[in-house]
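All you need for my numbering is the position in the sequence shown, starting with 1, plus 59.
From the three backbone atoms N, C-alpha and C, an ideal C-beta is built for every residue, glycine too.
As structure tokens, the structure follows; a few thoughts come after it.
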Amino acid sequence: MAKRPPRFSGGSGLNLKRTVTMSEDGNQTQVVYWPRVKEILDGIMARWTERWERQPLPGIHTYYWETSQELKDSVLSGLRTIEPGLPARETNLVKALARAVGTSGKMPLRGPFLSTEEVDEVVAWIDGGMPDGP
Ligand code: HEM
60 MAKRPPRFSG GSGLNLKRTV TMSEDGNQTQ VVYWPRVKEI LDGIMARWTE
110 RWERQPLPGI HTYYWETSQE LKDSVLSGLR TIEPGLPARE TNLVKALARA
160 VGTSGKMPLR GPFLSTEEVD EVVAWIDGGM PDGP
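Structure, rendered in structure tokens:
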């Protein structure tokens with residue numbers, strides 16, 4: 060099994076947070092639930108804060124994802140993070156984390172950034188209908 064990148068959220072380590080991978084007819088279907096997405100986003104911001112030794116400046120945009128609803132409702136710099144019905148890779152959230160969005164750079168700005176696998180998990184969650192849990 061591939062080695063997972065370290066986790067930085069200092070979470071409880073509950074198995075609930077695990078990503079479930081199923082195989083159907085030889086295809087890999089990744090089922091990702093909200094606690095894992097929150098862990099990924101909290102983790103990358105923890106790494107950002109550690110790297111730059113400061114909290115992100117308030118006012119540029121807010122980082123609200125205590126609940127999946129908060130993330131779904133958030134609008135960052137005038138851009139809605141997740142547009143209902145839009146494929147995950149076309150949402151501003153995934154564009155921001157994977158490449159860049161609008162005139163802003165890849166997020167979190169100046170890095171460190173998510174791994175490709177972590178971006179794929181966020182994509183799987185959005186395209187899977189953003190389930191909170193099984
Ligand atoms: C729709 C998606 C997003 C947009 C439009 C956006 C836009 C921006 C803009 C305009 C800035 C300020 C750029 C500057 O000062 O030159 C910024 C900074 C930043 N963004 Fe985003 N962003 C998005 C998503 C995210 C996400 C998902 C994260 C975290 C996982 C994130 C983390 C940060 C951080 C850490 C900074 C730097 C704040 C600082 O220097 O204090 N952004 N973003």
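- Query: According to DSSP, what are the bridge partners of Arg-95?
  - Reply: DSSP lists no partner for Arg-95.
- Task: Leaving out five residues on either side along the sequence, give the residues of the same chain with a beta carbon under 7 Å from the beta carbon of Asp-191.
- Result: If the five residues before and after Asp-191 are omitted, its C-beta is found closer than 7 Å to the C-beta atoms of Tyr-92, Trp-93 and Ser-127, all from its own chain and listed in chain order.
- Query: So does Ser-136 have its beta carbon nearer than 8 Å to some heavy atom of the ligand HEM?
  - Reply: Under cutoff, so the answer is yes.
- For my contact list, Ile-99 and Glu-149 are in at a C-beta cut-off of 8 Å; report their separation, rounded to the angstrom. So it is not a contact: roughly 19 Å between Cβ atoms.
- How would you call Pro-167, buried or exposed, if buried means at least 16 neighbouring beta carbons within 10 angstroms? Counting Cβ neighbours within 10 Å, Pro-167 comes out buried, since at least 16 surround it.
- Message: Which same chain residues end up closer than 6 Å to Trp-184 when comparing Cβ atoms and leaving out the 5 residues on each side of it in sequence?
- Response: The answer, listed in chain order, is Val-91 and Val-96.
- Item | alpha helix (DSSP H) segments (min. 4 residues) lying fully within the stretch 114-184 | You should have 127-132 and 151-157.
- Would you mind stating whether Ile-103 and Leu-138 have Cβ atoms separated by less than 9 Å? For the 9 Å CB-CB criterion, Ile-103 and Leu-138 do not form a contact.
- Message: Is Ile-185 close to the ligand HEM? I mean its beta-carbon at under 8 Å from any heavy atom of the ligand.
- Response: No; taking the cut-off as 8 Å, the Cβ of Ile-185 has no heavy atom of the ligand HEM nearer than that.
- Item | Cβ-based burial, Thr-162 [other Cβ within 10 Å; buried from 16] | The residue in question, Thr-162, is exposed, as its Cβ has fewer than 16 Cβ neighbours within 10 Å.
- Query: Mapping DSSP to helix, strand and coil, what is Arg-106?
  - Reply: Helix, per DSSP.
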